[in-house]
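In our numbering, the protein residues as written are 589 to 681.
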């Protein structure tokens, strides 16, 4: 599909879960800005990746982690604070 030059490029459409736990269905995220937009007709002829079953959780942080501080002990093969932090920076959260 050829993209309309004046239309924004959309990343996906999915269901949003707000911090209150309230669900809002079929919201869209713009690829260029990362902005969550309200539902409705898309202007122009945008390129959309439909996220069937996608749940959008803005600001969601996975705080359930297991890190070891055992550099010389029997647990050194498991994730430590350094490797967990690097994974989070690289989008591994």
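Cβ coordinates follow ideal geometry from the N, Cα and C atoms, glycine included.
Exposure label - residue i; buried when at least 16 CB within 10 Å
i: residue 602; result: buried
i: residue 610; result: exposed
i: residue 687; result: Outside the displayed range of the chain (589 to 681) lies residue 687, so it cannot be described from this structure.
Enclosing alpha helix (DSSP H) for residue i [first to last residue]
i: residue 673; result: 669-677
Cβ-Cβ distance between residue i and residue j below 8 Å
i: residue 612; j: residue 606; result: yes
Close Cβ partners of residue i (< 7 Å) along its chain, the five nearest in sequence each way excluded
i: residue 653; result: 672
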